[in-house]
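Right, here's the structure in full:
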């Protein structure tokens, strides 16, 4: 994943609070 790429992700609970999970690049 590079800067400027379109991505989508879900917000999940991590040990330090919310974090992004299931991050994937939008083609």
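In the numbering used here, the protein residues as written are 8 to 34.
Heads up, the beta-carbon is just placed ideally off N, CA and C, and yes, glycines get one too.
Put simply, the backbone Cα of residue 25 is about 15 angstroms away from that of residue 15. Straight-line measurement puts the Cα of residue 32 at about 6 angstroms from the Cα of residue 13. Taking the C-beta atoms as reference points, residue 30 is found no nearer than 8 angstroms to residue 19.
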